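First up is the structure itself, then whatever we jot down about it.
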Amino acid sequence: MNGRDWITDLLLARKSNHSAVLLVQTYDPLRISQFLRAVVEDFEVKKLRPEEGDYTRYYYDIQRGRLFSLSISLDVDSGAHVLSKMPVVPSSSTQPVFGMAGHPLLDYLDQELTSKPTILVISYVTRCNQANLLSNYVEAWCLDTKLYREYSTVVVFTSDISLFPEAVRRIAFCYSVVPSTSEERRVIIEKCLKGLSYEASEEDISRLVSASAGLTLHETEVGVLRSFYFHRKIIPEAFTQLKIELLEKMGLEFIEPKYGFEAFGGYSYLKEYIRSRIILPITNPDLAKHYGVPVPRGIILYGYYGCGKSFLAECMAKEIGLTMVRIRPSTFLSRYVGETEARIRRITQILDAMAPNIVFCDEIDQLAMARDRITMGDSGVFRRLISGLLEWLGKRDRKSFLIGATNYVEALDRAFIRHGRIDEVILVLPPDFEARREILRIHTSVIRKIPLGKVDLDEIAKMTALWTGAELDHLCIEASKTAMRDASETVEMEHFMEVMEGVSINRTERMNEISRMIREMQRLTVVNRRLLRESIKAFTESEKKVESIESERIATLLEQLE
């Protein structure tokens with residue numbers, strides 16, 4: 003099969019004596035099969051050494067702890083040449099490498115590598131304990147001149163190169179294999195179609211090749227076969243579904259938004275700003291190009307708990323017409339050091355393949371923590387995590403639009419919130435009077451249909467100054483439960499009042515927190531000052547319409563901050 007450029011890269015790295023050990027990162031078992039066959043049958047391998055003569059070839063299956071010799075044999079039935087693996091049982095007289103009780107198989111392989119031309123392929127390192135088992139040997143092989151003299155080579159396949167210590171990575175040749183190329187996927191798809199006796203036009207095949215972008219060769223094969231057996235036809239949507247499932251396995255959530263801005267009560271100034279500054283250039287790229295406006299790359303929504311940042315992100319995705327992928331910080335913060343970095347690479351590969359899309363990260367401060375806040379006992383995980391995120395965010399060809407939400411913008415790494423990676427930080431204040439009234443209407447007649455009696459939503463909005471959207475939603479639900487308890491045909495004002503009497507809101511504490519957030523916004527450079535002033539002005543003017551001491555006090559405090 004075509005697509006061995008990566009194997010050529012490895013060959014050239016070894017011929018240049020970069021290192022006797024090649025650490026190869028891939029998620030695809032078909033890549034390992036490709037390489038094993040190439041090691042045995044490809045004449046290029048023989049060119050590693052100038053003298054005539056063959057190599058001894060070994061394959062070490064680290065999961066099973068078994069060693070095999072590799073060769074090509076003729077299959078009698080099919081007449082095809084097949085890869086053969088013959089079990090190898092080392093002699094018990096093998097001397098330990100490090101002068102102490104070691105690992106018998108690895109000790110045996112060390113003697114083979116240092117005494118004659120040998121190619122050793124090890125797979126598949128997926129866990130820290132496996133990498134720890136190999137690390138001392140890999141380090142020794144990188145530094146041992148006997149391997150270079152004998153032209154011996156060790157190739158280790160791993161799901162994540164970062165499982166190995168940095169000292170080992172420095173002296174080995176590290177290589178990450180791309181999931182697949184379009185040419186490789188086409189070969190896989192055409193091979194599957196032929197095996198299934200399935201006829202498809204060249205146009206259909208091209209659509210399948212495009213839809214499978216970002217998948218490995220194995221995943222592409224799975225997508226074709228699963229589409230055929232589940233649907234009796236092969237459709238591009240099958241690859242999209244497979245990508246969704248892969249993301250979900252990594253802890254991400256795939257969301258198809260149901261509501262647009264019509265379900266996000268109030269905040270007319272903010273919605274209009276987002277429509278003109280973000281949605282318009284994304285949905286009209288030719289118009290943006292005409293005016294020399296770059297395509298927006300991302301925003302950070304900054305505000306108090308429960309003020310609707312997550313729902314606003316979902317509504318934005320609906321307005322733009324894109325699907326949304328939610329990333330939770332816990333997705334990346336694995337108990338194993340290497341898994342975190344590996345997930346970033348794999349997730350961003352799939353996200354890029356599924357682009358354009360909206361990538362939403364709640365509590366993004368946990369994921370892009372300022373480096374001066376990282377503890378010394380972190381083993382460098384967070385620093386490498388942030389570096390990986392910054393690398394992806396800084397890619398000029400990134401087509402995913404990032405929306406981050408945080409309550410603590412000061413905790414974000416300053417390199418993360420700069421132009422080129424995100425466009426700006428937007429403050430989301432608690433709903434003002436008009437927004438509260440609209441939120442109450444939406445949660446009683448749009449998102450859910452509540453049989454309201456004589457309920458004055460204006461009056462409830464006046465009495466709920468500094469309540470969050472989430473609390474107003476909860477108020478509507480609890481009022482409905484109270485009416486159901488009373489077997490009332492409709493939800494009445496008294497039901498809302500009963501619920502509100504049981505709720506205690508510390509408005510002073512909330513006002514202090516909002517003041518802190520406004521001051522933080524005033525320190526940042528990626529902030530539209532005009533929008534910030536307009537946000538504060540809109541809030542104060544709305545609260546002034548409410549004839550209450552509380553609302554007047556809130557408006558006065560915000561005017562002072564403005």
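For the sequence shown, this note's numbering gives the first residue as 3, with consecutive numbering after it.
Every residue gets a Cβ at the ideal spot worked out from N, C-alpha and C, and that includes glycine.
As the structure is a prediction and not an experimental result, all values here were calculated from the model.
G310 has its alpha-carbon roughly 16 Å from the corresponding atom of A467.
Under the three-state reduction of DSSP, C130 is assigned to helix. F418: not part of any alpha helix (DSSP H); DSSP gives it neither H nor E. Secondary-structure assignment with DSSP links I360 through a beta bridge to M326 and F403. Residue state for P181 is assigned as coil, using DSSP reduced to three classes. About 6 Å separates the beta carbons of V501 and L477, which is inside the 8 Å limit, making them a contact pair. The three-state reading of DSSP puts T492 in coil, since its state is none of H, G, I, E or B. Secondary structure of F166 (DSSP, three-state): coil.
Beta-bridge partners of P89 (DSSP): F70.
Where L25 is concerned, the enclosing beta strand (DSSP E) starts and stops at V23 to Q27. The C-beta of S229 has 16 or more other C-beta atoms within 10 Å across all chains shown, which makes the residue buried. Between S537 and L272, the gap from beta carbon to beta carbon is short of 9 Å. Boundaries of the beta strand (DSSP E) harbouring D63: T58 to D63, taken from the DSSP string. When Cβ pairs closer than 8 Å are counted between the two stretches, the segment 518–530 is seen not to touch the segment 249–267, the count staying below three. Scanning its chain for C-beta atoms nearer than 7 Å, with the 5 sequence neighbours on each side dropped, one finds around G422 the residues G396, in chain order. In this structure, the CA atom of L391 is about 18 Å from the CA atom of M326.
Assigned with DSSP and collapsed to three states, I281 falls in helix. Using a C-beta cut-off of 8 Å, the segment 162–173 makes contact with the segment 17–27, since at least three inter-stretch Cβ pairs fall below that distance.
With respect to L219, I173 sits apart: the two C-beta atoms are not nearer than 9 Å. Sequence-distant Cβ neighbours of Y200 in its own chain, meaning closer than 7 Å and more than five residues away, are F230 and I236. DSSP lists L414 as the bridge partner or partners of M371. Sorting F70, G300 and L244 by C-alpha distance to the C-alpha of V427 places G300 at the top.
The alpha-carbon of N514 is positioned some 17 Å away from that of T408.
Under the three-state reduction of DSSP, Y304 is assigned to strand.
A distance below 6 Å between beta-carbons, with the five flanking residues on each side excluded, links S86 to the following residues of its chain, in chain order: S73 and S75. DSSP places E426 outside any alpha helix (DSSP H); the residue lies instead in the beta strand (DSSP E), whose first and last residues are E426 to V430. For T10, the uninterrupted alpha helix (DSSP H) run begins and ends at D7 to K17, by DSSP. Membership of F266 in any alpha helix (DSSP H) is not indicated, and neither H nor E is assigned to it by DSSP. Under DSSP, S125 shares a beta bridge with D63. Sequence-distant partners of E141 (beyond 5 residues in either direction) whose C-beta falls short of 6 Å from its own C-beta, in its chain, are V170.
For I284 and A319, the gap between their C-alpha atoms comes out near 11 Å. In the displayed model, T242 falls within a helix according to three-state DSSP. Taking a C-beta distance under 9 Å as the contact criterion, L210 and F256 do not qualify as a contact pair.
Assignment of beta-bridge partners to E440 by DSSP yields no partner. Cβ neighbours of L32 within its own chain (closer than 6 Å, five residues either side excluded): L219 and H220. A distance below 6 Å between beta-carbons, with the five flanking residues on each side excluded, links T128 to the following residues of its chain, in chain order: S161.
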